[in-house]
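So the structure is just underneath, and the comments pick up after that.
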Amino acid sequence: MLPEIDYNLRFRTLEVKGLENGVLLKVRNLKKYFPVRGGLFSKVVGYVQAVDRVSFDIKRGEALGLVGESGCGKTTLGMCILRLIDPTSGEVIFRNRNIAKLKQREIIEIYKDMQIIFQDPYGSLNPRMKIGEIVGEPLLIHKLVKNKTEKGAKIIRLLEEVGLDSTYTNKYPHELSGGQRQRIAIARALAVSPRFIICDEPSSALDVSIQAQIINLLEDLKEQLSLTYLFISHDLSVVKHISERIAVMYLGKIIEIAGSEKVCYSPKHPYTKALISAVPIPDPDLKHEYISLTEEIPSPINIPSGCRFHTRCPYVKEKCRNFEPELREIEKGWFVACHFI
Amino acid sequence: METRAKKENWKNEMLLSVSNLKTHFYMEDKVVKAVDGVDFSIRKNEILGMVGESGSGKSVCALSILRLLPIPSCKISGQVYFNGENLLKLNERQMQKIRGKEISMIFQEPTTSLNPVLTIGDQIAESIKLHQKLDKRKTWEKVVEILKLVKIPEPFRRVKEYPYEMSGGMKQRVMIAMALSSNPSLLIADEPTTALDVTIQKQILYLIKDLQKKLGTSVLFITHNLGVIAEVADKVVVMYAGKVLEYAPVNKIFHQPEHPYTLCLLKSIPRLDVSRGIKLEVIPERLPDPAALPRGCLFHPRCKFAIDICKKKEPELEKIGDNHIVRCWMYNKEEAINFKTIQETVDVTRN
């Protein structure tokens, strides 16, 4: 096993510096290992290290973008924060409560403050429920309305908030297009007036012209309702557009976290550099340098020793193979996990 | 004599020329006009990018060229001239000789396009056997050679692997290898990188561009991603609801787009090279239902420049410059003004 690094110590010093102010969500050493079973008696033969000792903060009113290739643990991280999956260990502190330690009965309470919007609006809405019922369900669960008229009025207000109208209440999801369904999913998330929303690839399943509608809607809502987002996406251009800060994930770990302009224009970590250079830019005259990554992403079951990026890193040195780098602050609010930065 | 000269000319210039291609699907109670009068051409040694949102008819267009659609329920009309020959007039046996040999295709999802119970060597060999008469050893040598061409490391070991043992990017390389195994003159790539991660996407794009230069193959590259188009294409066709709205060289499309749809589309995508805080432009409403297309210009319900004539009459393709064709009333002012006066007279007399 790799030696445990005391993240708490480092972050405690940060808190003293005054970063604690305005922090809405704190994630510390969050870990999720999925057991891999095999053999005669389905013994545990290994672990998929989907999320491995991740720590970060989200400030009130900001949007933190989370990017990475498929299989790097972005969605698992989001689900662990919401306790849709139970994390293996670590802390998720939201309003002075450690979500990771809450009892099942208490979890439902936090959903009044935290909600999620999923990627696929075709799979996330119950096909047997009318739109009115879908949007109204959270109101009933959390007993936020007293009677039917109040509920009806609230549903209509929510639909108007996301750019739809009252005619949709009696429709079924199959009658709507992808963009409209995603609006319904947003209205449902907004029903409990949450402070914090996890957006898990909310625009990836949509067409180009519809994607802009949803992104603009999310931006407007953030401003009007002073929401905080964790915006998960594989598309760096979208993440950069919507979020103030970006965290880059690779094989279950955050390897760089900083303001979004910094990450996109002067990335430090070799992986971030490669990722940025691979994003296609809609300008045929712009020919920027492309850093080719040699191999494809290793399996999260056999995570490489030392720095987990060393198998693909163009600047790999001996130290990288043996020692795992930790997140270091190289500038105020700019953390990179690399030995040679 | 003249026809032969014409054919020679064909050989030198054009590889594929599609004109007035229509593919209509007949359902029980309605007709879906998936492709409705598409014209474009591909020269030799050229990459033509075809861009459009879902349901714009990009894939159906490609499948119509190869005649891979179920015949009874769909009707293809128009002309598809490939090397001076109309593909729509050929019989099934002649067509079989074109598919995979002269024109090959790669699809979006490499996992579902490969046979899971055959090794990838066997699958590539199959397509070589079908079109070239080589003996067993030579075929195998060719398989290894073609895997080297698409830059698969350790091809000798890889030929014996099954698709499940390979990653998505590798599988797409195998698909490209298979498609190029008989040196086709046209490669149709239907969203070849959509299912892949960005870093792998870039590698595949570079590979396609590289091989296109090396082998002199023409490519019809279909995608919904404008960034990808900017990266690979020489010329671009913009599709919308089964029709071509704009056709121009790639520089023109990105720097001086003339059709309102192209213009709005470019402004509606978030870009990495533009600083934050600039709002995206939104194209309102949704894509039209292909079974109930709007009257007049197909884009008018979502167009911010729409005037009366757009709602009533469909514009034709207008040539506005070298290799630049647009379907919009803005570029046929005479007709638009004419229409306006007629409309006004009608209104006056009615009153």
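Sequences listed follow chains A and B, in order. In terms of the numbering used here, the first sequence is residues 665 to 1005. In terms of the numbering used here, the second sequence is residues 279 to 629. Just so it is clear, CB atoms sit at the ideal spot from N, CA and C, and this is done for glycine as well.
Taking the CB atoms as reference points, tell me whether residue i and residue j lie closer together than 8 Å.
i, j, result
"LEU272 (chain B)", "PHE360 (chain B)", "The shown model of chain B, from 279 to 629, leaves out residue 272 (chain B), and the question about it has no answer."
"ILE774 (chain A)", "VAL691 (chain A)", "no"
"PHE973 (chain A)", "ALA727 (chain A)", "no"
"VAL522 (chain B)", "VAL515 (chain B)", "yes"
"ILE633 (chain B)", "PRO462 (chain B)", "Past the boundaries of the shown model lies residue 633 (chain B); chain B is included only from 279 to 629, so the question cannot be answered."
"VAL630 (chain B)", "SER319 (chain B)", "Given that chain B is displayed from residue 279 to residue 629, the structure contains no residue 630 (chain B) and the question cannot be resolved."
"MET328 (chain B)", "ILE547 (chain B)", "no"
"LEU822 (chain A)", "LEU854 (chain A)", "yes"
"PRO946 (chain A)", "LEU504 (chain B)", "yes"
"GLN779 (chain A)", "ASP864 (chain A)", "no"
"PRO470 (chain B)", "ILE556 (chain B)", "no"
"ARG724 (chain A)", "LEU688 (chain A)", "yes"
"TYR893 (chain A)", "GLY732 (chain A)", "no"
"SER332 (chain B)", "HIS502 (chain B)", "yes"
"ALA764 (chain A)", "THR477 (chain B)", "no"
"ALA455 (chain B)", "VAL428 (chain B)", "yes"
"LEU483 (chain B)", "GLN450 (chain B)", "no"
"GLY843 (chain A)", "ILE874 (chain A)", "yes"
Quick check on residue i: does DSSP put it in helix, strand or coil?
i, result
"PRO716 (chain A)", "In the sequence under discussion, the amino acid at residue 716 (chain A) is Asp, which differs from the Pro named in the question. The answer is strand: DSSP assigns ASP716 (chain A) an E or B state."
"GLU797 (chain A)", "helix"
"GLU432 (chain B)", "coil"
"SER405 (chain B)", "helix"
"PRO388 (chain B)", "helix"
"THR397 (chain B)", "coil"
"GLU679 (chain A)", "Bear in mind that the predicted position of GLU679 (chain A) carries a pLDDT of just 42, short of 50, making it unreliable; the figure below should be weighed with that in mind. Helix, per DSSP."
"GLU920 (chain A)", "strand"
"THR495 (chain B)", "coil"
"ASN762 (chain A)", "strand"
"ASN880 (chain A)", "helix"
"VAL1000 (chain A)", "strand"
"CYS352 (chain B)", "strand"
"MET292 (chain B)", "strand"
"GLN846 (chain A)", "helix"
"TYR832 (chain A)", "helix"
"ARG415 (chain B)", "helix"
Within the continuous alpha helix (DSSP H) that includes residue i, where are the two ends?
i, result
"HIS533 (chain B)", "528-533"
"PRO699 (chain A)", "Looking at the DSSP string, PRO699 (chain A) is not in any alpha helix (DSSP H); the run it does join, the beta strand (DSSP E), is 687-702."
"VAL626 (chain B)", "611-628"
"TYR539 (chain B)", "538-545"
"GLY448 (chain B)", "In the sequence on display, residue 448 (chain B) carries Met and not Gly. Where MET448 (chain B) is concerned, the enclosing alpha helix (DSSP H) stretches over 446-458."
"GLY505 (chain B)", "504-510"
"THR739 (chain A)", "738-745"
What span of residues does the beta strand (DSSP E) with residue i cover, start to end?
i, result
"CYS928 (chain A)", "First-last for CYS928 (chain A): 924-929, but that is the alpha helix (DSSP H), not the beta strand (DSSP E)."
"ILE757 (chain A)", "753-758"
"SER935 (chain A)", "Checking the sequence, you will find Tyr at residue 935 (chain A) rather than Ser. First-last for TYR935 (chain A): 934-942, but that is the alpha helix (DSSP H), not the beta strand (DSSP E)."
"THR810 (chain A)", "The question names Thr, but residue 810 (chain A) in the sequence shown is Lys. Careful: LYS810 (chain A) lies outside any beta strand (DSSP E) and carries neither H nor E."
"LYS311 (chain B)", "309-321"
"ALA727 (chain A)", "727-731"
"CYS863 (chain A)", "860-864"
"GLN779 (chain A)", "778-781"
"LEU565 (chain B)", "Element bounds for LEU565 (chain B): n/a, residue is neither H nor E."
"ALA467 (chain B)", "464-468"
"ALA911 (chain A)", "909-914"
"HIS602 (chain B)", "602-604"
What does residue i touch in chain A if you count any residue whose Cβ is under 8 Å from its own?
i, result
"SER553 (chain B)", "GLU925"
"LYS597 (chain B)", "Within 8 Å Cβ-Cβ: nothing; LYS597 (chain B) doesn't reach chain A, min ~22 Å."
Quick test of your reading: residue i and residue j, contact by CB under 8 Å. State the CB separation rounded to the nearest angstrom.
i, j, result
"ARG345 (chain B)", "MET373 (chain B)", "6 Å"
"SER342 (chain B)", "LEU408 (chain B)", "Going by Cβ atoms, the distance from SER342 (chain B) to LEU408 (chain B) rounds to 22 Å, so no, they are not a contact pair."
"ILE955 (chain A)", "ILE850 (chain A)", "36 Å between Cβ atoms; not a contact."
By the criterion of Cβ-Cβ separation under 8 Å, what are the contact partners of residue i in chain B?
i, result
"ALA714 (chain A)", "Those do not exist, as ALA714 (chain A) stays about 17 Å from chain B at its closest Cβ, beyond 8 Å."
"ASP871 (chain A)", "GLU331, SER332, HIS502 and LEU565"
"ASN966 (chain A)", "Ordered by position in chain B, no residue passes the 8 Å Cβ test against ASN966 (chain A), which lies about 14 Å from the chain."
"LYS794 (chain A)", "Result: empty, since nearest Cβ-Cβ is about 20 Å, beyond 8 Å."
"VAL902 (chain A)", "PRO548"
How would you list, in chain order, the residues of chain A whose beta-carbon sits under 9 Å from the beta-carbon of residue i?
i, result
"PRO528 (chain B)", "Per the sequence presented here, residue 528 (chain B) reads as Val, with Pro not at that position. Those are PRO948, listed as they occur along chain A."
"SER445 (chain B)", "GLU960 and ILE961"
What residues of chain A sit near residue i, judged by a beta carbon separation below 7 Å?
i, result
"GLU509 (chain B)", "PRO944"
"GLN256 (chain B)", "The first residue shown for chain B is 279 and the last is 629, placing residue 256 (chain B) beyond what the model contains."
"VAL506 (chain B)", "PRO944"
Note down, in chain order, every chain B residue with its Cβ under 7 Å from the Cβ of residue i.
i, result
"SER938 (chain A)", "The sequence as given places Ala at residue 938 (chain A); Ser does not occur at that position. Under the 7 Å cutoff, chain B gives THR477."
"CYS928 (chain A)", "LEU550"
"GLN877 (chain A)", "VAL560"
For a contact defined as C-beta to C-beta under 9 Å, what are the partners of residue i on chain B?
i, result
"GLU623 (chain A)", "In the structure as shown, chain A starts at 665 and stops at 1005, and residue 623 (chain A) therefore has no counterpart that could be examined."
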